[in-house]
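Chemist: Numbering (my numbering), first residue to last: 15 to 98.
1) Roughly how many angstroms separate the alpha carbons of residue 36 and residue 51, rounded to a whole number?
2) Which same chain residues end up closer than 7 Å to residue 33 when comparing Cβ atoms and leaving out the 5 residues on each side of it in sequence?
3) Looking at C-alpha atoms only, which residue of 83, 62, 91 and 74 is the closest neighbour of residue 41?
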């Protein structure tokens, strides 16, 4: 489910500013609502892990992934080889 959220954020938020804002909202939702819910229904147990670690992790992964995708997309575009 998390990779799909990253994909949707990348697709719908084109600028860095809007992407980071949406990324923070997604990270807050998953880290402080989704993970406690999963722990409450006994889907997962965290041993010495805090939700704020997940919050930071979600943001870092999203930013690094978007930067990598944008870099790869710019490298795949054909270069203009003509000189002016």
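Here a beta-carbon is modelled for each residue, glycine too, at the ideal position from N, C-alpha and C.
Modeler: Taking the geometry as given:
1) Here the C-alpha atom of residue 36 lies approximately 21 Å from the C-alpha atom of residue 51.
2) Within the same chain, residue 33 has close Cβ partners 23, 27 and 80.
3) In this structure, 74 is the residue among 83, 62, 91 and 74 with its C-alpha nearest to the C-alpha of residue 41.
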